[in-house]
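Working notes, beginning with the structure itself.
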């Protein structure tokens with residue numbers, strides 16, 4: 001297969017040349033884990049990084065964001081709603097990270113679009129690394145299952161550039177016009193490359209939405225939730241969980257700011273309403289909500305699962321609640337005649 | 339030092355003595371620096387260390403807590419309690435990077451106008467010399483390199499029970515369930531990526547139980563006791579977990595007869611950390627702590643030994659400690675896995691999420707994280723038994739155990755084994771010993787603290 005190739009050295013030089021005008025987000029080594037972070041030089045990129053511990057969503061939808069701030073001064077009321085416009089490059093994302101953006105776009109860019117997300121999304125070019133290929137960090141990674149939710153290790157649909165690793169070189173696939181333009185300053189050369197052997201992953205079929213609905217009242221949720229601690233790791237780790245809360249806070253200088261911060265359906269108070277009523281009072285009801293939202297409500301509304309199969313929640317859950325086992329359990333229940 | 343720096347000082351003054359003392363200073367025309375903003379409280383015992391933490395977080399450069407002299411409390415013992423709490427809080431604040439001189443607890447009576455003026459003047463000058471308060475967590479600092487490992491290694495011989503112990507456990511669990519001695523057995527099973535808690539209530543489930551391979555890296559199953567709704571549970575416990583159950587019993591959260599404790603013996607029963615301090619001689623006999631023991635009886639007091647990193651961080655200058663904790667709190671995402679994994683964190687509503695009053699903003703940013711972790715560590719004073727579940731549950735690998743160990747060390751420095759005056763208090767060695775913040779001794783911690 002004849003392909004355009006770029007060396008790592010050239011990629012590094014290219015990234016360095018982008019730095020003055022772009023915010024570059026890339027995987028870096030951080031203590032004992034790899035993580036997406038804003039880099040200050042191309043030397044920080046962890047080329048052999050595996051799946052990052054954090055998803056990329058914080059660079060589009062930050063954990064904490066001031067959406068509007070105001071203060072009264074001599075000039076009267078001053079109101080400010082800052083929008084991020086600096087161009088950014090998400091480098092070293094995986095195809096599932098790209099797919100996560102597509103999943104979020106369906107909700108957050110639909111009318112009425114979220115202006116904060118839209119601004120960051122429009123300013124971003126995604127340069128992804130295919131899973132597979134040759135060399136460390138190729139994947140698949142523990143707990144991941146992108147095929148189940150319609151993705152794939154070399155899925156090019158939701159990225160601007162897809163790089164496939166061959167040792168110290170990368171095959172370049174400029175998918176979009178945005179990607180081609182960003183790449184215009186990089187030197188590539190054609191080379192004959194062997195086709196990659198597809199990876200062998202265990203099959204995990206996704207039950208249809210109806211199968212999820214049928215299990216709404218199943219005792220399964222209570223059993224599953226027994227060991228759930230009720231922490232928020234799975235939702236904060238998730239590249240597509242988007243729940244948020246907004247509240248105002250006063251700063252010492254008299255400025256008031258409205259903050260939008262991540263919230264989590266696993267927190268006890270997430271659904272609490274005025275008067276003290278909590279429509280999802282048990283951990284079982286909150287666990288069920290998490291999976292029903294991902295595999296029933298969101299697919300019905302947006303046409304795709306609210307899950308990209310990255311496996312981060314699988315490896316980080318302190319009590320090993322495994323979303324793959326939930327999917328398998330619903331599939332198994334579907335096979336049992338009622 | 340910043341030129342023309344005028345420190346902002348918050349003073350919490352007891353209504354009966356110190357506020358009247360301040361009044362007397364005023365009517366006597368004694369001058370004192372105008373930097374202090376006074377909040378009148380009914381008693382120094384009303385001053386929750388939370389108020390101090392909040393003041394510091396929101397930009398107070400110093401906090402002064404003044405109450406009646408010990409022995410003179412209008413409510414007879416409020417200031418004795420305040421003295422105990424601040425002895426611990428003070429050490430904790432210093433450990434996370436506040437200069438200890440920024441917080442002062444002292445006694446001023448209604449007749450001591452001159453003393454009030456002097457204390458405020460001295461304190462103001464002291465804080466002026468320190469400069470503006472540093473906002474904990476505000477810098478995205480790089481952690482100073484430390485020699486000792488961030489995550490404590492599990493016990494050197496950290497291999498859990500072999501097949502023998504596991505077989506013993508399964509048999510015991512099946513028997514407890516069959517005989518109705520327990521409605522559910524809480525233990526561990528093999529999971530898809532790690533061992534995980536198992537609620538075994540049938541013989542089939544009991545046959546899946548395993549003794550954890552690395553008990554020191556596991557959670558504390560006692561945290562689930564709050565959710566069992568009256569179902570009698572048998573619990574597989576490490577020594578630190580058994581001690582946590584003792585604290586819960588002392589706090590009235592459950593009765594000893596409501597729970598069956600299955601102690602992990604031998605290597606599996608070792609504490610979460612390698613021993614670096616000798617165990618005290620007074621160990622309760624394991625028989626009183628456990629209903630059943632798998633293997634050699636473990637030693638309860640083995641459970642809480644301190645990590646080498648604690649000594650290292652303690653030895654650093656205050657600015658280095660601050661940079662270390664800034665870096666740690668910057669990693670935190672406020673997922674609350676630590677709190678949820680903790681058997682001692684059973685409040686129906688955490689102060690971190692309380693709406694009225696809202697002590698914390700919902701912001702997921704390091705100063706809020708710092709606030710939460712410091713207050714949580716303080717709330718565990720005399721209660722944490724060192725099970726390490728918080729650190730083990732933390733997805734970011736933050737060494738939260740250090741905060742708890744520091745507090746436990748100070749508790750042991752100030753309070754005796756019976757919770758009263760002395761040294762060597764250890765939480766949860768039995769369910770009969772008083773909790774240090776519920777008792778006091780009149781002649782302890784003399785001269786106030788700080």
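Protein chains in written order, with our numbering: chain A, 1 to 338; chain B, 339 to 788.
Where a beta carbon is used, it is the ideal one built from N, C-alpha and C, also for glycine.
Taking the C-alpha atoms as reference points, what is the distance between residue 107/A and residue 171/A? Looking up residue 107/A in the first chain gives position 107. Looking up residue 171/A in the first chain gives position 171. Approximately 33 Å, taken between the alpha carbons.
Taking the Cβ atom as the reference point for each residue, do residue 298/B and residue 232/A lie within a distance shorter than 8 Å? No answer is possible for residue 298/B: it lies beyond the span of chain B, which begins at 339 and ends at 788.
Comparing alpha-carbon positions, which option in 363/B, 570/B, 438/B and 377/B lies nearest residue 659/B? Taking the first residue of the second chain as position 1, residue 659/B is located at position 321. Residue 659/B has its Cα closest to that of 438/B, out of 363/B, 570/B, 438/B and 377/B.
Of the choices 191/A, 209/A and 85/A, whose alpha-carbon is the least far from that of residue 6/A? On the first chain, residue 6/A is found 6 positions in, with the first residue counted as 1. Cα-wise, what sits closest to residue 6/A is 191/A.
Who are the near neighbours of residue 620/B in its chain, counting only those whose CB is closer than 6 Å to its CB and skipping five residues on each side? One-based indexing of the second chain puts residue 620/B at position 282. Confidence is the limiting factor: at residue 620/B the pLDDT is only 42, short of 50, which leaves the residue's position unreliable, though a coordinate-based value still follows. The answer is none, since no qualifying residue turns up.
DSSP three-state assignment for residue 370/B, whether helix, strand or coil: Numbered from 1 along the second chain, position 32 holds the residue referred to as residue 370/B. Correct three-state label for residue 370/B: coil.
For residue 356/B and chain A, any beta-carbon pair shorter than 8 Å? The residue labelled residue 356/B in the question sits at position 18 within the second chain. With 8 Å as the cut-off, residue 356/B does not count as an interface residue toward chain A.
Per DSSP, what kind of secondary structure is residue 6/A in: helix, strand or coil? Residue 6/A sits at position 6 when you count from the first residue of the first chain. Strand at residue 6/A.
Assuming residue 94/A contacts residue 135/A (C-beta within less than 8 Å), just tell me the rounded distance between them. If you number the first chain from 1, residue 94/A lands on position 94. If you number the first chain from 1, residue 135/A lands on position 135. Wrong, their Cβ atoms sit about 14 Å apart, outside the cutoff.
So, are the CB atoms of residue 582/B and residue 728/B less than 8 Å apart? Working through the second chain from its first residue, we reach residue 582/B at position 244. Working through the second chain from its first residue, we reach residue 728/B at position 390. The answer is no: Cβ separation not under 8 Å.
Would you call the CB atoms of residue 752/B and residue 783/B closer than 8 Å? In the second chain, counting from the first residue as 1, residue 752/B sits at position 414. In the second chain, counting from the first residue as 1, residue 783/B sits at position 445. For residue 752/B and residue 783/B, yes; Cβs fall inside 8 Å.
Please list, in chain order, the chain B residues whose beta carbon lies closer than 7 Å to that of residue 262/A. Along the first chain, read from residue 1 onward, the residue named residue 262/A stands at position 262. Simply 702.
In terms of residues, what are the limits of the alpha helix (DSSP H) holding residue 676/B? Taking the second chain and counting its residues from 1, the one referred to as residue 676/B is at position 338. Where residue 676/B is concerned, the enclosing alpha helix (DSSP H) stretches over 675-679.
Cutoff 8 Å: residue 739/B Cβ touching any chain A Cβ: Numbered from 1 along the second chain, position 401 holds the residue referred to as residue 739/B. No, because no Cβ of chain A sits closer than 8 Å to the Cβ of residue 739/B.
Here's the rule I'm using: 16 or more other beta-carbon atoms within 10 Å means buried, otherwise exposed. How should residue 45/A be labelled? Within the first chain, residue 45/A is the residue found at index 45, counting from 1. So residue 45/A counts as buried.
Kindly say whether residue 531/B, judged by its beta-carbon, lies nearer than 8 Å to any beta-carbon of chain A. For this step, residue 531/B is matched to residue 193 along the second chain. Closer than 8 Å: yes.
Within chain B, the residues that residue 285/A reaches when beta carbons sit closer than 7 Å: In the first chain, the residue the question calls residue 285/A occupies position 285. Here the premise fails: no neighbours, minimum Cβ distance about 14 Å.
Beta-carbon contacts of residue 99/A that lie in its chain and below 6 Å, excluding the five residues immediately before and after: Against the first chain, residue 99/A aligns to sequence position 99. Counting only Cβ-Cβ distances below 6 Å, and skipping sequence neighbours, we find 151, 158 and 308.
Report buried or exposed for residue 327/B, applying the criterion of at least 16 other Cβ atoms within 10 angstroms of its Cβ. Here chain B has residues from 339 to 788 only, and residue 327/B is not among them.
Comparing the C-beta of residue 416/B with each C-beta of chain A, is any distance below 8 Å? Taking the second chain and counting its residues from 1, one reaches residue 416/B at position 78. So no, residue 416/B is outside the interface.
For residue 777/B and residue 718/B, the rounded distance between their alpha carbons: Sequence index remark: in the second chain, residue 718/B carries index 380 (1-based). Sequence index remark: in the second chain, residue 777/B carries index 439 (1-based). Distance between the alpha carbons of residue 718/B and residue 777/B: 16 Å.
What residue ranges within the region 98-152 of chain A form continuous beta strand (DSSP E) runs of no fewer than 3 residues, ordered along the chain? 124-129
For residue 702/B, I'd like the list of residues in its chain whose CB is within less than 7 Å of its CB, leaving aside the five on either flank, ordered along the chain. Residue mapping note: residue 702/B aligns to position 364 of the second chain, counting from 1. Cβ neighbours of residue 702/B beyond the five flanking positions: 671 and 672.
Which residues, in chain order, does the region 221-236 of chain A contribute to contact with chain B at a C-beta distance below 7 Å? 226, 227, 229, 230, 231, 232, 233 and 236
8 Å is my cut-off, CB to CB: does residue 143/A come that close to chain B? To locate residue 143/A, count along the first chain from 1; it is residue 143. By this cut-off, residue 143/A is an interface position.
If we define contact as Cβ-Cβ less than 8 Å, is residue 678/B a contact residue for chain A? Here residue 678/B corresponds to residue number 340 of the second chain, with the count starting at 1. With 8 Å as the cut-off, residue 678/B counts as an interface residue toward chain A.
Using three-state DSSP, classify residue 748/B as helix, strand or coil. Stepping through the second chain from its first residue, residue 748/B is reached at position 410. Helix.
Looking at C-beta atoms only, is the number of pairs between the region 352-370 of chain B and the region 405-412 of chain B that lie closer than 8 Å three or more? yes
Minimum Cβ-Cβ distance from residue 42/A to chain B less than 8 Å: As a working mapping, residue 42/A is identified with position 42 in the first chain. Taking Cβ atoms only, chain B never reaches closer than 8 Å to residue 42/A, which makes this a no.
When you compare the CB of residue 557/B with every CB in chain A, is at least one pair closer than 8 Å? Taking the first residue of the second chain as position 1, residue 557/B is located at position 219. Chain A contact via Cβ: present.
Quick one: is residue 397/B near chain A, going by C-beta distance under 8 Å? As a first step, residue 397/B is located in the second chain; it is residue number 59 there, counting from the start. With 8 Å as the cut-off, residue 397/B counts as an interface residue toward chain A.
Cα separation between residue 697/B and residue 765/B? For this step, residue 697/B is matched to residue 359 along the second chain. For this step, residue 765/B is matched to residue 427 along the second chain. Cα to Cα, the separation comes out at about 28 Å.
Every unbroken beta strand (DSSP E) inside the region 157-196 of chain A [3 residues or more]: 161-166, 169-174 and 189-192
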